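Enquirer: Structure in structure tokens, see below.
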Amino acid sequence: MAELSSLRRRFLVLLFCFFALSSLTSETHALPDPIQLGDDPSRDADPASADILKVSMMNNGTHLTFIIECRSAPAPSSVRTYRIWLDTNENGGATTGPYIGADWYIQGGGAPGLYDCSGEESADTSTYKASIEVKVYGKSICLTAGLSDIGYPGNVKETVGIVASTHQPAAMLKDRTPDTGHYSVVHEVIPELPWPTPLVIMPAIVAAIIMIYRQRFRHSDQPRLRR
Ligand SMILES: [Ca+2]
Ligand SMILES: [Ca+2]
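Just so we're aligned: the sequence shown equals residues 1 to 227 in our numbering.
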């Protein structure tokens with residue numbers, strides 16, 4: 001009977017470890033703390049859902065995520081888009097648009113995706129490069145693109161230029177941050193959590209959990225000599 005109870009507990013431990021591992025895997029993919037790139041004035045654009053207040057970025061070593069916070073919940077649609085412009089190459093880049101010199105833009109709304117705008121006359125003639133992930137949380141929209149899709153690390157210069165913008169209707173500029181110029185992020189900041197790291201960390205954490213529970217069960221499985 002005691003053995004059956006012990007087996008049941010061990011089964012529960014394995015179940016717990018499975019869920020802990022699942023949770024860690026998804027957290028590691030989402031995760032690191034955002035780096036705030038800058039604030040933008042409130043009410044310098046209408047509607048509120050296209051008025052940028054703040055832009056941040058984070059990465060997990062394989063993907064870059066940009067978070068654009070607006071005055072009200074972002075609403076990407078066929079007529080309202082949210083873009084992150086990246087200047088990653090030393091030469092060339094867009095010749096028109098909110099960020100002249102940008103090589104890429106990541107777009108939420110419209111036809112979402114990563115677009116190559118290097119050397120294009122207009123952002124509207126840019127070339128679709130890869131799919132992205134678009135999510136809206138409260139008043140923020142998160143745009144996630146693969147680092148390898150922008151040519152990282154080989155084709156990314158030492159300092160990357162970044163601009164966030166909103167457009168409505170179609171490609172007409174609504175808001176831009178910063179209002180002039182661009183944010184700069186050093187190349188070395190991009191990979192914060194290189195991919196092999198989770199492979200080392202996760203098994204170590206799971207092993208620690210198993211050891212702790214084994215210790216506890218060993219104690220509780222011992223026969224009680226007295227009350
Ligand atoms: Ca604004
Ligand atoms: Ca602005």
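All residues carry an ideal CB built from backbone N, CA and C; glycine is no exception.
If you're wondering where the values come from, they're calculated on a predicted model, not measured in any experiment.
Quick check on the contact list: which residues have their beta carbon closer than 7 Å to a heavy atom of ligand 3?
Expert: The model on display carries ligand 1 and ligand 2 but not ligand 3.
Enquirer: Counting only the same chain and skipping the five closest in sequence on each side, list residues whose C-beta sits under 8 Å from that of Thr159.
Expert: By one-based count along the sequence shown, residue 159 stands at place 159. Taken in chain order, the residues that qualify are Ser184, Val185, Val186 and His187.
Enquirer: If we ignore side chains and look at the alpha-carbon of each, how far apart do Ile162 and Ala94 end up?
Expert: As a first step, residue 162 must be located in the sequence shown, where it is residue number 162. As a first step, residue 94 must be located in the sequence shown, where it is residue number 94. Roughly 13 Å between the two C-alpha positions.
Enquirer: The beta strand (DSSP E) spanning Arg83 covers which residue range?
Expert: As a first step, residue 83 is located in the sequence shown; it is residue number 83 there, counting from the start. Segment Thr81 to Asp87, the beta strand (DSSP E) holding Arg83.
Enquirer: Note down, in chain order, each residue of its chain lying with its Cβ closer than 6 Å to the Cβ of Gly92, except the 5 sequence neighbours on either side.
Expert: On the sequence shown, residue 92 is found 92 positions in, with the first residue counted as 1. Closer than 6 Å at Cβ, skipping near neighbours: Ser118 and Gly119.
Enquirer: Give, in chain order, every unbroken run of the beta strand (DSSP E) that is at least 3 residues long and sits entirely within the stretch 47 to 72.
Expert: Complete beta strand (DSSP E) runs here, min 3: 52 to 59 and 63 to 70.
Enquirer: Write down every uninterrupted run of the alpha helix (DSSP H) in the stretch 93 to 168 whose length is 4 residues or greater and which is fully enclosed by it, in chain order.
Expert: Fully enclosed alpha helix (DSSP H) runs of 4 or longer: not present.
Enquirer: DSSP three-state call for Arg176: helix, strand or coil?
Expert: Start at 1 with the first residue of the sequence shown, and residue 176 comes out as number 176. Strand, per DSSP.
Enquirer: On the CB-based measure, 16 or more other CB atoms within 10 Å of its CB, does Ser49 come out buried or exposed?
Expert: In the sequence shown, counting from the first residue as 1, residue 49 sits at position 49. With 16 or more Cβ atoms within 10 Å of its Cβ, Ser49 is classed as buried.
Enquirer: Does the distance from the C-beta atom of Met88 to that of Gly38 stay below 8 Å?
Expert: Locating residue 88 in the sequence shown gives position 88, where the first residue counts as 1. Locating residue 38 in the sequence shown gives position 38, where the first residue counts as 1. According to the sequence provided, residue 88 is Thr. The question's Met does not apply to it. No; because the gap between Cβ atoms is not below 8 Å, this pair is not in contact.
Enquirer: Beta-carbon of Thr96 versus every beta-carbon of chain D: anything under 8 Å?
Expert: Annotation note: the requested chain D is absent from the structure, which comprises a single protein chain.
Enquirer: In whole angstroms, give me the CA-to-CA distance for Arg43 and Pro169.
Expert: Taking the sequence shown and counting its residues from 1, one reaches residue 43 at position 43. Taking the sequence shown and counting its residues from 1, one reaches residue 169 at position 169. Taking the straight line from one Cα to the other gives about 18 Å.
Enquirer: So Asp39 is in the beta strand (DSSP E); what residue range does that whole segment cover?
Expert: The residue given as residue 39 occupies position 39 in the sequence shown. It spans Ile35 to Asp39 - the beta strand (DSSP E) in which Asp39 sits, taken as one unbroken run.
Enquirer: Near Thr25, which residues of its chain fall below 6 Å by C-beta distance, leaving aside the five closest residues on each side in sequence?
Expert: Position 25 of the sequence shown, counted from the start, is the residue given in the question as residue 25. Only weak support is given to the placement of Thr25: the predicted model assigns it a pLDDT of 46, under 50, and the value that follows is read from those uncertain coordinates. For Thr25, where only same-chain residues beyond five positions count, there are no Cβ hits under 6 Å.
Enquirer: If you draw a straight line from the C-alpha of Asn155 to the C-alpha of Leu147, how long is it?
Expert: For the purposes of this step, residue 155 is taken as residue 155 along the sequence shown, with counting starting at 1. For the purposes of this step, residue 147 is taken as residue 147 along the sequence shown, with counting starting at 1. Approximately 11 Å, taken between the alpha carbons.
Enquirer: Bridge partners for Ser184 per DSSP, in chain order?
Expert: Position 184 of the sequence shown, counted from the start, is the residue given in the question as residue 184. Paired residues: Gly161.
Enquirer: Quick test of your reading: Ser165 and Arg83, contact by CB under 8 Å. State the CB separation rounded to the nearest angstrom.
Expert: For the purposes of this step, residue 165 is taken as the residue at position 165 of the sequence shown. For the purposes of this step, residue 83 is taken as the residue at position 83 of the sequence shown. Between Arg83 and Ser165 the Cβ distance is about 5 Å, and since that is below 8 Å, they are a contact.
Enquirer: Between which residues of its own chain and Arg176 is the CB-CB distance below 7 Å, once the five residues before and five after are set aside?
Expert: Within the sequence shown, the letter at position 176 stands for residue 176. Only Pro98, Val163 and Ser165 meet the Cβ criterion.
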